[in-house]
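Asks:
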Amino acid sequence: MLVAEATRRATEAAIVYRDAGAHELKGKAEPVALWEAVRVVAATGGGQKSEGLEAPFVGRDRELRTVKDLFHAVSETGKAQF
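Numbered according to the working numbering, the sequence shown terminates at residue 84, and the numbering increases by one at each position without gaps.
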């Protein structure tokens, strides 16, 4: 999802963005700087922000490792993993 600067500023406490460059948009005289939403890292307003998973997965170490590995693979490649 691409958003403009105003939306990025309003939501950056809860969403990680990466610069998507300037794009020509219909109805705009000049190219517009856009940002790509990468992942949600917190609740609205930045509440419950965390750098990692904190909920306990008691007895599920193998499953949690699989989920984390797949998540990172998708975030790096942008392609679905199965």
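Here a beta-carbon is modelled for each residue, glycine too, at the ideal position from N, C-alpha and C.
1) Under 8 Å Cβ to Cβ from Ser77, same chain only, skipping five residues before and after it: list those, please.
2) In whole angstroms, what is the alpha-carbon distance linking Ala15 and Val34?
3) Is Tyr19 near Glu38, with beta carbons less than 8 Å apart?
4) Assuming contact is defined by CB atoms lying nearer than 8 Å, are Ala22 and Leu4 in contact in what I supplied?
5) Drop a sphere of 10 angstroms on the beta-carbon of Leu72, count the other beta-carbons inside from all chains shown, and report buried for 16 or more, exposed for fewer.
6) Would you kindly work out how many angstroms separate the C-alpha atoms of Thr79 and Lys30, rounded to a whole number?
7) Please name the residue, chosen from Lys28, Leu36 and Arg67, that lies closest to Ala6 on a Cα-to-Cα basis.
8) So, with DSSP's three-state summary, where would you put Met72?
Replies: So, from the listed chains and residues:
1) Stepping through the sequence shown from its first residue, residue 77 is reached at position 75. Cβ within range, chain order: Val40 and Arg41.
2) On the sequence shown, residue 15 is found 13 positions in, with the first residue counted as 1. On the sequence shown, residue 34 is found 32 positions in, with the first residue counted as 1. Going from the Cα of Ala15 to the Cα of Val34 covers about 22 Å.
3) Within the sequence shown, residue 19 is the residue found at index 17, counting from 1. Within the sequence shown, residue 38 is the residue found at index 36, counting from 1. Their beta carbons are under 8 Å apart, which means Tyr19 touches Glu38 by this criterion.
4) Taking the sequence shown and counting its residues from 1, one reaches residue 22 at position 20. Taking the sequence shown and counting its residues from 1, one reaches residue 4 at position 2. Their beta carbons are under 8 Å apart, which means Ala22 touches Leu4 by this criterion.
5) For this step, residue 72 is matched to residue 70 along the sequence shown. Leu72 should be labelled exposed.
6) One-based indexing of the sequence shown puts residue 79 at position 77. One-based indexing of the sequence shown puts residue 30 at position 28. C-alpha separation (whole angstroms): 31 Å.
7) Counting from one through the sequence shown, the residue named residue 6 turns up at place 4. The option with the nearest alpha carbon to Ala6 is Leu36.
8) Indexing the sequence shown from 1 puts residue 72 at position 70. Here the sequence assigns Leu to residue 72, which means Met is not the residue at that position. Helix, per DSSP.
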